[in-house]
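Undergrad: Here this note's numbering is used: position 75 in the sequence shown is 359, and no number is missing along the way.
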Amino acid sequence: MHLVSLHDSPVHPDAEKELKKYCREILFIPLPKSAVFFNLLRGFFSPLPMQVAYFNSPRAHREIGAFIEKHRPDRIFCQLIRTTEFVRSRKDIPKILDYMDVFSKGIERRIGKVNFLSRPVFRMEHRRLLKYEREIFSDFEERIIISAQDRDLVDHPEKNKIRVIANGVDTGFFRPLPAEKKHELLFNGNMNYPPNVESAEYLVTQVLPLVHQKNPGVRVLISGASPSPRILALKSASVTVSGWVDDVRDSFTSSRILVAPMQSSIGLQNKLLEAMAMRMPCITTTLSNNALGAVSGEQILVADSPQTFADQILFLLANPGEAEKIAEAGHRFIMENFNWKKQNLQLAEIIGNAGKK
Numbered sequence: 285m286h287l288v289s290l291h292d293s294p295v296h297p298d299a300e301k302e303l304k305k306y307c308r309e310i311l312f313i314p315l316p317k318s319a320v321f322f323n324l325l326r327g328f329f330s331p332l333p334m335q336v337a338y339f340n341s342p343r344a345h346r347e348i349g350a351f352i353e354k355h356r357p358d359r360i361f362c363q364l365i366r367t368t369e370f371v372r373s374r375k376d377i378p379k380i381l382d383y384m385d386v387f388s389k390g391i392e393r394r395i396g397k398v399n400f401l402s403r404p405v406f407r408m409e410h411r412r413l414l415k416y417e418r419e420i421f422s423d424f425e426e427r428i429i430i431s432a433q434d435r436d437l438v439d440h441p442e443k444n445k446i447r448v449i450a451n452g453v454d455t456g457f458f459r460p461l462p463a464e465k466k467h468e469l470l471f472n473g474n475m476n477y478p479p480n481v482e483s484a485e486y487l488v489t490q491v492l493p494l495v496h497q498k499n500p501g502v503r504v505l506i507s508g509a510s511p512s513p514r515i516l517a518l519k520s521a522s523v524t525v526s527g528w529v530d531d532v533r534d535s536f537t538s539s540r541i542l543v544a545p546m547q548s549s550i551g552l553q554n555k556l557l558e559a560m561a562m563r564m565p566c567i568t569t570t571l572s573n574n575a576l577g578a579v580s581g582e583q584i585l586v587a588d589s590p591q592t593f594a595d596q597i598l599f600l601l602a603n604p605g606e607a608e609k610i611a612e613a614g615h616r617f618i619m620e621n622f623n624w625k626k627q628n629l630q631l632a633e634i635i636g637n638a639g640k641k
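See below:
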């Protein structure tokens with residue numbers, strides 16, 4: 285495998301070392317802030333979504349084109365629509381697109397949540413993404429996506445041709461481990477990602493006060509890289525913001541319940557897969573569970589209002605036996621449906637068949 289990676293922050297030497305175990309050659313293409321500025325400026329006056337324009341630099345086009353000519357790969361695999369402009373016009377090599385998520389829907393859900401000055405920009409981005417996701421479909425021989433829910437949101441008459449391959453989880457790494465419980469509730473993820481910021485604020489400002497009315501000792505851990513100022517402002521005697529942790533499993537094992545009150549995020553939540561793989565009871569929204577497909581009340585708990593979240597949290601804390609039943613059922617669900625081996629076999633088949641009539 286030959287890998288091309290566009291990056292707007294330094295590549296950690298440990299990450300590069302690990303990647304080299306799997307790649308014959310890696311091409312890193314840096315995106316300095318000056319390049320991103322001009323990419324976005326050009327993109328604003330083009331039909332491209334800004335999420336695509338962000339990466340769409342002339343330098344990247346030149347380097348990726350030369351890299352492909354040097355190696356002449358049997359297949360080209362694009363991770364996200366953000367990378368498709370570099371290869372969409374090529375007809376000489378079969379191509380596979382991983383939509384992963386439907387970005388247009390994620391932006392649409394955020395339009396009503398951003399300030400009114402930003403809304404025209406978000407509406408423009410939504411229209412551009414909707415059109416781009418539809419048009420890019422025919423430029424690829426095969427397409428995959430993370431969930432049936434996301435596939436059904438693609439605005440294309442042949443969307444059923446998109447193959448669903450869910451995320452997997454390393455069940456050898458994310459496994460049940462004993463540890464002292466220091467927090468009752470956990471929310472984790474990239475804490476600079478707007479849907480995560482929104483969800484953490486929802487948990488702390490709307491759900492936690494209701495929980496504290498009945499159980500004032502409940503503590504929350506917000507764990508994950510790059511906490512935004514809005515996340516840092518949530519810190520209190522009952523809310524810990526850890527920032528980056530060297531081993532994410534420490535956050536899971538030190539907490540009793542994962543709460544993922546996702547309001548606008550798209551796709552399948554890795555935080556749920558990882559927590560359930562570690563036999564942790566989870567509470568999430570209908571939106572997130574639709575992508576996951578767990579049985580509500582048996583393998584996971586579902587809530588869509590602050591009061592329902594609070595009630596579910598208090599129920600699990602007051603009934604450890606029931607919490608253990610849900611955790612065990614959720615763990616079995618992940619082991620049976622989301623292990624990497626199963627997902628990788630499906631992906632290998634699709635890559636192998638790309639371009640074959």
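Don't be surprised by glycine CBs; every beta carbon is placed ideally from N, CA and C.
1. Report the rounded CA-to-CA distance for Lys555 versus Leu311, giving the unit in angstroms.
2. Express the C-alpha separation of Val336 and Leu325 in angstroms, rounding to a whole number.
3. Between which two residues does the alpha helix (DSSP H) containing Val488 stretch?
4. Just how far apart, CA to CA, sit Thr455 and Glu582?
5. In terms of alpha-carbon separation, which member of Pro378, Val371, Ile515 and Ile430 lies closest to Tyr477?
6. With a threshold of 16 other CB atoms inside 10 Å of the CB of Asn444, please say whether the residue is buried or exposed.
7. Check whether the stretch 469 to 489 and the stretch 507 to 514 are in contact - that is, three or more C-beta pairs closer than 8 Å.
8. Which residues in the same chain have their Cβ closer than 6 Å to the Cβ of Val586, if we skip the five residues on either side of it in sequence?
9. With distance defined between alpha-carbon atoms, name the residue in Leu461, Val438, Glu464 and Arg427 nearest to Ile446.
10. At 3 residues or longer, and completely inside the stretch 430 to 468: list those beta strand (DSSP E) runs for me, N to C.
11. In three-state DSSP terms, what is Arg514?
12. For Lys379, count neighbouring C-beta atoms within 10 Å of its own C-beta (all shown protein chains included) and say buried if the count is 16 or more, exposed if not.
13. Return the chain-ordered list of same chain residues with a C-beta closer than 7 Å to the C-beta of Arg393, the five sequence neighbours on each side being excluded.
14. Could you tell me the distance, in whole angstroms, from the CA atom of Glu442 to the CA atom of Ser293?
15. Could you give the distance in angstroms between the alpha-carbon of Thr368 and the alpha-carbon of Ile348?
16. Under the DSSP definition of a beta bridge, which residues are partnered with Pro314?
17. Helix, strand or coil for Ile365 per DSSP?
18. Helix, strand or coil for Arg563 per DSSP?
19. Does the Cβ-Cβ distance between Asp382 and Leu364 come in under 8 Å?
20. On the criterion of 16 or more Cβ atoms from any shown chain inside 10 Å, does Lys389 qualify as buried, or is it exposed?
21. Using DSSP with H/G/I as helix, E/B as strand and the rest coil, what is Ala544?
22. Count the other CB atoms within 10 Å of the CB of Cys307; is the residue buried (16 or more) or exposed (fewer)?
TA: Walking through what the data contain:
1. 29 Å
2. 12 Å
3. Where Val488 is concerned, there is no enclosing alpha helix (DSSP H), given that its DSSP letter is neither H nor E.
4. 21 Å
5. Ile515
6. exposed
7. yes
8. Thr570, Asn573 and Ser580
9. Arg427
10. none
11. helix
12. buried
13. Ser548
14. 37 Å
15. 11 Å
16. His291
17. helix
18. coil
19. yes
20. buried
21. strand
22. exposed
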